[in-house]
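In this note's numbering, the protein residues as written are 40 to 107.
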């Protein structure tokens, strides 16, 4: 993945689910964090990454699932 997509609108992010880790295949947990913005949006952008629950896996530091 050359340019991973990590910014989604909040409504898009609400439809995302846990995904398998691309490194080990175990279930990765979804993490959604607000992106600071100067404007008040109805549907603000959020930062989305998945984290593998296996502490020794390369995906433990976070991974994305699609390219933008």
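We put the beta carbon where it would ideally sit given N, CA and C, even for glycine.
Asked	Found
How many Å lie between residue 50 and residue 88 at the Cα?	16 Å
Along the alpha helix (DSSP H) that carries residue 53, what are the first and last residues, could you check?	49-53
Assuming the contact rule is C-beta atoms closer than 8 Å, residue 47 and residue 81 should be a hit. Round their C-beta distance to whole Å, please.	15 Å between Cβ atoms; not a contact.
Counting along the chain, where does the beta strand (DSSP E) carrying residue 81 start and finish?	No beta strand (DSSP E) holds residue 81; DSSP gives it neither H nor E.
Exposed or buried, residue 64, counting other C-beta atoms within 10 Å across all chains shown (16 or more means buried)?	exposed
Could you tell me the alpha carbon to alpha carbon distance between residue 83 and residue 54, rounded to whole angstroms?	15 Å
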